[in-house]
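Protein chains in written order, with the numbering used here: chain S, 8 to 256; chain V, 9 to 299.
Glycine included, C-beta positions come from ideal geometry on N, C-alpha and C.
Right, one structure below, let's go through it.
Below, the structure is given as structure tokens:
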């Protein structure tokens, strides 16, 4: 599968280095965890890879395709979906609608088709079936018609996951998928990540919860001050006491 | 009776303007203060073609719609990349430019003297002549404009517009080209406003630049806010109230000079009251701007 490759990426915000000469080719399969202290540049890395933040220097690629200057929606269409730390969702519409709008290539989103409603009903019905299936997968099908704002924090995290899946993207970037959620909910989210890996998705995730990383990650990248401090198998990295104490405690 | 029909016809024309702005401000969360500019582009294009070239109503109105859409692209492609307040300022600048253009390009628009003698609309063999006929004609067009906006708002296209209003970053991360949606919504909104302009020009049969000032834009914004943005009947109710209120003031028996100022005071007071106590408008479900 295509994966992200970063070459000498640099990004500074008002004098603060968020990425400092960051170079890495991410594994092309499985679950990769990105860990590190606050301010290490983890979220900036995601924002750069998904096109929301432009680099000062350096390049990034998805497979052979350079993605450095592509806008977010074009990178998304190449098969990359992401979640945000501050859970971005449309709160004033039903849960189902959030998943529906994530479905790709909708004819009903074109002006004339939307006006004339030619074949829109059929397309909507198909997307609804897909969306309901995804909501069932994350365990929210019984709340499909409630307002999104009424879901708990953990349920909203599950919903963002369903939205990512609805895009059909093979590459999924999750920013802190289990931080701040109830332990039971966290266990459920982690088992979903494992199911997605089994289904062939490539997953990158940022997480502070080291036990979660230990549980699901196939590869770990430790970041600090915008650069890579260590990378490798979780068994090796997370056993090194100097790393755990300095960066992950 | 004629007077009532005249008021009702104006309600229809302003309803078109209000629903057209609602697509942009209510559904998409983009505030534009240039609605009167597009209204004017429609009115002038249509009037000039009818008077100087002799086009039929349908031809000149469609040309007005086309002109407004093209102009909207020229405005929106650079300025929709701007965010909220900056976009408002950009549309404000555009509104001022268009007004100055109408007011100053004597050879084309006849400047402040305006364009008289615009023919009444004729479609096929039927000429819209009486007040009653015109009211029915305007009501049909207002209903069509209403149908266009409500159909768009309830489609997958509208779902994306609503998402842009609520959280543009989220919807971009899902692969939607939000600039395209905003540009299209802006063009449809401009096109509908332009049609209202043609209707107005052919109804009054005379236009001059004072009908297309920024005050007119603000009046239309007030209609949307007071009625209720992105709601089923909000813009219609807002247009009705704000067209009828000043007419009621006529009968209070105030001197003309006082009545005109009082009208502005009442608009202002209504806006402040609505924003303070009912930001979602009379029948609206959502507040005006995002979140």
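Does residue i get closer than 9 Å to chain S when you measure Cβ to Cβ?
i: residue 86/V; result: no
i: residue 166/V; result: yes
i: residue 287/V; result: no
i: residue 113/V; result: no
i: residue 175/V; result: yes
i: residue 281/V; result: no
i: residue 19/V; result: no
i: residue 225/V; result: no
i: residue 28/V; result: no
i: residue 96/V; result: no
i: residue 186/V; result: yes
i: residue 189/V; result: yes
i: residue 61/V; result: no
i: residue 156/V; result: yes
Determine, using beta carbons only, whether residue i comes closer than 9 Å to chain V.
i: residue 98/S; result: yes
i: residue 67/S; result: no
i: residue 71/S; result: no
i: residue 153/S; result: no
i: residue 50/S; result: no
i: residue 60/S; result: no
i: residue 170/S; result: yes
i: residue 227/S; result: no
i: residue 139/S; result: no
i: residue 88/S; result: yes
For residue i, go through chain V and note every residue whose CB falls closer than 7 Å to its CB, in chain order.
i: residue 177/S; result: Under the 7 Å cutoff, chain V gives no residues; its nearest Cβ is about 13 Å from residue 177/S.
i: residue 239/S; result: Result: empty, since nearest Cβ-Cβ is about 30 Å, beyond 7 Å.
i: residue 115/S; result: 163, 164, 165
List the residues of chain S whose Cβ lies closer than 8 Å to the Cβ of residue i, in chain order.
i: residue 192/V; result: 118
i: residue 91/V; result: Neighbours of residue 91/V on chain S: none; closest Cβ ~14 Å, over 8 Å.
i: residue 79/V; result: Chain S residues near residue 79/V: none, gap ~18 Å exceeds 8 Å.
i: residue 178/V; result: 91, 95, 96, 97
i: residue 196/V; result: 118
Could you check how far apart the C-beta atoms of residue i and residue j are, in whole angstroms? I think they sit under 8 Å.
i: residue 169/S; j: residue 183/V; result: The Cβ separation is near 15 Å, so there is no contact.
i: residue 99/S; j: residue 156/S; result: 6 Å
i: residue 138/S; j: residue 173/S; result: 6 Å
i: residue 131/S; j: residue 168/V; result: In fact, because the Cβ distance is near 14 Å, the residues do not count as touching under 8 Å.
i: residue 19/V; j: residue 247/V; result: 6 Å
i: residue 95/V; j: residue 172/V; result: That pair is no contact at about 12 Å.
i: residue 252/V; j: residue 290/V; result: With 8 Å as the limit, residue 252/V and residue 290/V do not qualify as a contact, their Cβ atoms being about 14 Å apart.
Anything in chain S within Cβ reach of residue i, meaning under 7 Å, just list it in chain order.
i: residue 160/V; result: 121, 122
i: residue 5/V; result: Since the first residue shown for chain V is 9 and the last is 299, residue 5/V is missing from the structure and cannot be characterised.
i: residue 107/V; result: By Cβ distance, chain S contributes nothing, its closest Cβ being about 29 Å from residue 107/V, past 7 Å.
Can you name the residues of chain V whose CB is closer than 9 Å to the CB of residue i?
i: residue 104/S; result: 167, 170, 171
i: residue 107/S; result: 164, 167
Under 8 Å between beta-carbons, which chain V residues line up against residue i? List them in chain order, please.
i: residue 127/S; result: 163, 164
i: residue 57/S; result: 181
i: residue 131/S; result: 164
Using a beta-carbon distance below 9 Å, is residue i in contact with chain A?
i: residue 76/S; result: No chain A appears in this structure, whose protein chains are S and V.
**Q.** Runs of alpha helix (DSSP H) wholly within the region 212–241 of chain V (minimum 4 residues, chain order)
**A.** 222–235
**Q.** Length-filtered (3 minimum) beta strand (DSSP E) runs lying within the region 34–107 of chain V
**A.** none
Q. Would you call the region 102–117 of chain V and the region 213–221 of chain V in contact, with 3 or more CB pairs under 8 Å?
A. yes
**Q.** Three-pair Cβ contact test at 8 Å for the region 60–75 of chain V versus the region 92–101 of chain V
**A.** no
(Q) Report the start-end ranges of each beta strand (DSSP E) in the region 158–200 of chain S that is 3 residues or longer and not cut off at the edges. (A) 178–182
Q.
Does the structure place the region 69–77 of chain S close enough to the region 149–168 of chain V that three or more beta carbon pairs sit under 8 Å?
A. no
Q) If you scan the region 94–144 of chain S from start to end, which runs of the alpha helix (DSSP H) of 4 or more residues do you find wholly inside it? A) 102–109, 118–123
(Q) Within 8 Å, do at least three Cβ pairs link the region 94–110 of chain S to the region 141–161 of chain S? (A) yes
Q: Could you tell me which uninterrupted alpha helix (DSSP H) segments, each at least 4 residues in length, are contained entirely in the region 42–73 of chain S, listed from first to last along the chain?
A: 49–56
Q) Taking one C-beta from the region 23–43 of chain S and one from the region 195–212 of chain S each time, how about it: are there three or more such pairs within less than 8 Å? A) yes
(Q) Just to confirm the assignment: which complete beta strand (DSSP E) runs, minimum length 3, are found wholly within the region 182–216 of chain V? (A) none
Q) Are the region 77–91 of chain V and the region 185–199 of chain V touching by the rule of at least three beta carbon pairs closer than 8 Å? A) yes
Q) For the region 218–228 of chain V against the region 19–35 of chain V, are there 3 or more C-beta pairs whose distance is under 8 Å? A) yes
Q) Quick check: the region 224–233 of chain S against the region 12–30 of chain S, are there 3 or more CB pairs under 8 Å? A) yes
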